[in-house]
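Participant:
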Amino acid sequence: MTNLIALSPLDLAIICIYFAFVLYIGYYLKDRASTGEDFFLAGREMTAWVAGLSFLSANLGSLELMGWAAAAYQYGILSVHWYWIGAIPAMLFLGIVMMPFYYISKTHSVPGYLQLRFGEPSRLLSATTFAFMTVLMSGINMYSMALVMKVVLGWDINFSIWVSSITVAVYVALGGLRSAIFNEVLQFFLIWFGAMLIPILGLVESGGFTGLKARIIANLGSDSYTHAWSTLGSFNDNPMGIHWTGIVLGLGWVISFGYWTTDFLVVQRVLAAKDLRSAKMAPIIGAAFKMMVPFIVILPGLLGLAVLPFKLTGEAEALATGGHSYNEVLPLMLARYCGPGLMGLGITALIAGFMSGMAGNVSAFATVWTYDIYRALMKKDASDAHYVSMGRWCTILGVLVSIGTAYLVMQFQSIMDYVQALFSFFIAPLFGTVILGMLWKRATPAGGFWGLLSGTLGSIAMWAWVKADPSAIRYIALSPNAKDMAENMYRGLWSWIICVAVTVAVSYLTKPKTDAELKGLVYGCTDIPGEQNVPLIQRPAFWAVAVSVVFFALNIIFW
Amino acid sequence: MHSDSGISIWFFIGSLLTIYGVLILGYGLYSLAAPPSRPPVLAELHADIWWGAVLLVLGLAYSFTHSPRKKS
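Protein sequence lines correspond, in order, to chains A and B.
-11 is the number of the first residue of the first sequence in my numbering; add one for each residue after it.
5 is the number of the first residue of the second sequence in my numbering; add one for each residue after it.
1. Relative to the C-alpha of A:L17, which residue among B:V61, B:S12 and B:V58 is closest?
2. Mind checking which residues open and close the alpha helix (DSSP H) that includes A:I580?
3. By how many angstroms is the C-alpha of A:T116 removed from the C-alpha of A:I92?
4. CA-CA distance, B:Y10 and B:F16?
5. Could I get the ranges of all uninterrupted alpha helix (DSSP H) runs contained in the stretch 237 to 299 of chain A, with 4 residues as the minimum, in chain order?
6. Taking the alpha helix (DSSP H) that A:K368 falls in, what are its first and last residues?
7. Quick check: does the Cβ of A:T444 come within less than 7 Å of any heavy atom belonging to the ligand GTP?
8. Are the C-beta of B:S35 and some C-beta of chain A separated by less than 8 Å?
9. If the criterion is Cβ atoms closer than 8 Å, does the pair A:R166 and A:R20 meet it?
10. So with Cβ pairs under 8 Å, would you call B:I53 a contact of chain A?
11. Note the first and the last residue of the continuous alpha helix (DSSP H) segment covering A:K201.
12. Give the DSSP bridge partners of A:T301, in chain order.
13. Can you check the stretch 6 to 52 of chain B for any beta strand (DSSP E) of at least 3 residues that lies completely inside it and give the ranges in chain order?
14. Let me see if you follow: with CB-CB separation under 8 Å, is B:F16 close to chain A or not?
15. Less than 8 Å between CB atoms is the rule here; does A:P227 satisfy it with respect to chain B?
16. My output table needs one value for A:M346: the three-state DSSP class, helix, strand or coil.
17. Near A:L208, which residues of its chain fall below 8 Å by C-beta distance, leaving aside the five closest residues on each side in sequence?
18. For B:P44, go through chain A and note every residue whose CB falls closer than 7 Å to its CB, in chain order.
19. Taking the alpha helix (DSSP H) that A:W482 belongs to, which residues open and close that run?
20. Where A:F298 and A:E475 are concerned, what is the direct C-alpha to C-alpha distance, given to the nearest angstrom?
21. Is it right to say A:I169 is buried, meaning 16 or more other beta carbons lie within 10 angstroms of its own, or is it exposed?
22. Quick check on the burial criterion: 16 or more other C-beta atoms within 10 angstroms. Buried or exposed for A:D372?
23. If you draw a straight line from the alpha carbon of A:A564 to that of A:I415, how long is it in whole angstroms?
24. Do A:G289 and A:V317 have their beta-carbon atoms positioned less than 8 Å apart in this structure?
25. Put A:M228 into one of helix, strand or coil per three-state DSSP.
26. Classify A:N226 as buried or exposed, calling it buried when 16 or more other Cβ atoms lie within 10 Å of its own Cβ.
27. So for A:M34, helix, strand or coil by DSSP?
28. For A:I128, is the classification buried or exposed, using 16 other Cβ atoms within 10 angstroms of its Cβ as the cut-off for buried?
29. Between A:A36, A:P417 and A:E519, which has its C-alpha nearest A:S266's C-alpha?
30. Can you pull out the residues from the stretch 180 to 194 of chain A whose beta carbon lies closer than 7 Å to at least one beta carbon of chain B?
31. For A:L189, count the other beta carbons within 10 Å of its own beta carbon; 16 or more makes it buried, fewer makes it exposed. Which is it?
32. Give the single residue among A:M321, A:S536 and A:A340 whose Cα lies nearest to the Cα of A:I(-7).
33. For A:W547, which residues from the same chain have a beta carbon less than 8 Å from its beta carbon, with the 5 sequence-adjacent residues on both sides left out?
34. Ends of the alpha helix (DSSP H) at A:D26?
35. Should A:K368 be labelled buried (16 or more other beta-carbon atoms within 10 Å of its own) or exposed?
36. Mind pulling the alpha helix (DSSP H) runs of 4 or more residues that sit fully within the stretch 99 to 162 of chain A?
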């Protein structure tokens, strides 16, 4: 089989220069990562822009880039909801409402916040599930990148996995979170500059968005691929088989708030901000750019539907027929428009996306392991230097475990689906626990712990029930025709409700903490510094409103 | 991040974009003289020339405004 793309020496040079740069940044920053505060929190000195861009970059992993371009090819513009309603409201809420509590409590992690608010058991439960999930997810990301590199460039899968992940291990272990963040900002720029030509040239070729729509209708005989909302009135009218209530309640509420406000992978970047106003601004800046990401991810997928002369299929069928799978749509479009040089830049963008996601995973893993598991359970009072060295080793360990996961996934592809499901077990109930902890001072330590535990177990039980008896989906997802996606969303919603109900019930039966103990942790017991003397243009709330206006406008334009 | 003597992240970004700009713009100009044997779609727009130029200009702008020699 010939490779899809042949790289010229110029392309290889561009890729090598990129690797040299990220390694140099790690090496350059190594002397500034000697204390725990430096290594795990980047010295808490990031400006709002740096924290905001790295916040977004850590989320732009390879699954995010290539996976959603593939989804756009498969399901059309509906995929945009994962970037708009599935992200923007939650990111703004994190910035305006939740960030003050994370930041003022001086915690170093989300499980760390739970320890301050609800005590040790809640912390251990969320820390172990988070550490476990994070390395698994990182391995899956690694595998999906290596697979595309193999199909597209003919690179050996082992070569892709080891070279890119050892690079990440080196620069994160040397410079800690600061190095991860600096590289994420660099990667952010590369992702945009490498990928942006695809939609620009694609729109030129297809004659603007109107021409694009006309071509898709001509190719597929349906206009449901280019409407974001108008086809969601019924399960059967749109390519995804989903109803608008699933999108709004399941995705827009539980899944997205759970991910954006409690996943430590993203929250860690904002904790590194230099002051409270920067910490509030960072998610808002991230949200502004998140809204624009569909331009380089969703649009190329739609353009693939419009201009590619052949049809893409699922992974299994592509392997059997020697065709191309959905997952290759982004590199295929890249190959269509980019000659030598630009091609190297585009491939660099894909590698950069993978590395930023991976660095996010391992730096978050190292922090949670060192502070919330190792220090809490095994060695309570070691020196700061000891924990920093533990953090360095954990970074390397995290990368090795991820590599192991990648090989496991290679052997047993179905693990991929299981892990996606596993992820949803933990994230939705955790959001219930954190939000009650922050906004309701009556919530007690026992309430928090039992709520989190029962929400998680409830989620696992619902998943097992549908596995054992597929017809049970009519109870979980309220419809016998619901697809996996809808099942995940409804399961998230139920487990969140279980978590909240149990937390409230147990809290009323147990003794609350006093106001003094909750100072700096809960709404109503915390002095949040006012912003009276800050000009309007510098206020986070002002920019949050501006982002919301654009958000509504975009949804109406692509209705 | 400008508070200490370290190199600003924006300088790193500027220099990387500058290098890429030179390489891509350079190849774009070269390919005017020697067109590739299998040109991509829309090769007549010469995306590498203007995209390379954009990278170069932005890269230089970032490199100068955040140069470690400037005390800011």
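Positions of the beta carbon are idealized from the N, C-alpha and C atoms, including for glycine.
Facilitator: Quick look at the numbers:
1. The count along the first sequence starts at 1 and reaches residue 17 of chain A at position 29. That would be B:S12, whose Cα lies nearest to the Cα of A:L17.
2. Residue 580 of chain A falls outside the range modelled here, since chain A spans only -11 to 547, and no answer is possible.
3. Residue mapping note: residue 92 of chain A aligns to position 104 of the first sequence, counting from 1. Residue mapping note: residue 116 of chain A aligns to position 128 of the first sequence, counting from 1. Those two C-alpha atoms are separated by around 24 Å.
4. Taking the first residue of the second sequence as 1, we reach residue 10 of chain B at position 6. Taking the first residue of the second sequence as 1, we reach residue 16 of chain B at position 12. Looking at the sequence provided, one finds Gly at residue 10 of chain B rather than Tyr. Going by the C-alpha atoms only, they are around 11 Å apart.
5. 244 to 250, 252 to 259, 264 to 280 and 282 to 295
6. Residue mapping note: residue 368 of chain A aligns to position 380 of the first sequence, counting from 1. From DSSP, A:K368 is part of no alpha helix (DSSP H); its letter is neither H nor E.
7. With respect to the ligand GTP, the structure shown offers nothing to examine, as it has no ligands at all.
8. By one-based count along the second sequence, residue 35 of chain B stands at place 31. Yes - at least one Cβ of chain A is within 8 Å of the one on B:S35.
9. Working through the first sequence from its first residue, we reach residue 166 of chain A at position 178. Working through the first sequence from its first residue, we reach residue 20 of chain A at position 32. Cβ atoms of A:R166 and A:R20: closer than 8 Å.
10. Counting from one through the second sequence, the residue named residue 53 of chain B turns up at place 49. B:I53 does not count as touching chain A.
11. Against the first sequence, residue 201 of chain A aligns to sequence position 213. From DSSP, the alpha helix (DSSP H) with A:K201 extends over G196 to L208.
12. Within the first sequence, numbered from 1, the residue matching residue 301 of chain A stands at position 313. DSSP output for A:T301 lists A:S313 as bridge partner(s).
13. none
14. Numbered from 1 along the second sequence, position 12 holds the residue referred to as residue 16 of chain B. So, interface residue.
15. In the first sequence, counting from the first residue as 1, residue 227 of chain A sits at position 239. Chain B, which has no Cβ nearer than 8 Å to the Cβ of A:P227, makes this no.
16. Along the first sequence, one-based indexing puts residue 346 of chain A at 358. Residue state, collapsed to three classes: helix.
17. For the purposes of this step, residue 208 of chain A is taken as residue 220 along the first sequence, with counting starting at 1. Closer than 8 Å at the Cβ level, and outside the excluded window around A:L208, lie L293.
18. Here residue 44 of chain B is taken as the residue at index 40 of the second sequence, counted from 1. Simply R324, Y325, C326 and G327.
19. For this step, residue 482 of chain A is matched to residue 494 along the first sequence. That run of the alpha helix (DSSP H) goes D472 to L497.
20. Locating residue 298 of chain A in the first sequence gives position 310, where the first residue counts as 1. Locating residue 475 of chain A in the first sequence gives position 487, where the first residue counts as 1. Roughly 32 Å separates the two Cα atoms.
21. Residue mapping note: residue 169 of chain A aligns to position 181 of the first sequence, counting from 1. With 16 or more Cβ atoms within 10 Å of its Cβ, A:I169 is classed as buried.
22. Here residue 372 of chain A refers to the residue found at position 384 of the first sequence. Its Cβ having fewer than 16 others within 10 Å, A:D372 is exposed.
23. In this structure chain A extends from -11 to 547, so residue 564 of chain A is not present and cannot be described.
24. Here the question's residue 317 of chain A lines up with position 329 in the first sequence. Here the question's residue 289 of chain A lines up with position 301 in the first sequence. Closer than 8 Å, so yes.
25. Looking up residue 228 of chain A in the first sequence gives position 240. Of the three classes helix, strand and coil, the one that applies to A:M228 here is coil, per DSSP.
26. Counting from one through the first sequence, the residue named residue 226 of chain A turns up at place 238. Buried: at least 16 other Cβ atoms inside 10 Å.
27. Here residue 34 of chain A corresponds to residue number 46 of the first sequence, with the count starting at 1. Looking at A:M34 - three-state DSSP - the assignment turns out to be strand.
28. Sequence index remark: in the first sequence, residue 128 of chain A carries index 140 (1-based). By the neighbour-count rule (16 or more Cβ atoms within 10 Å), A:I128 is buried.
29. The count along the first sequence starts at 1 and reaches residue 266 of chain A at position 278. Minimum Cα distance to A:S266 is reached at A:A36.
30. F181, L185, L189, V192 and E193
31. In the first sequence, the residue the question calls residue 189 of chain A occupies position 201. Buried.
32. Position 5 of the first sequence, counting from 1, holds the residue named residue -7 of chain A. For A:I(-7), the nearest C-alpha among the options comes from A:M321.
33. Your numbering for residue 547 of chain A matches position 559 in the first sequence. These residues qualify, in order along the chain: H215, A216, W217 and S218.
34. Residue mapping note: residue 26 of chain A aligns to position 38 of the first sequence, counting from 1. Looking at the DSSP string, the run of the alpha helix (DSSP H) that includes A:D26 is G24 to L29.
35. Residue mapping note: residue 368 of chain A aligns to position 380 of the first sequence, counting from 1. Classification of A:K368: exposed, given that the 10 Å Cβ count is below 16.
36. 108 to 141
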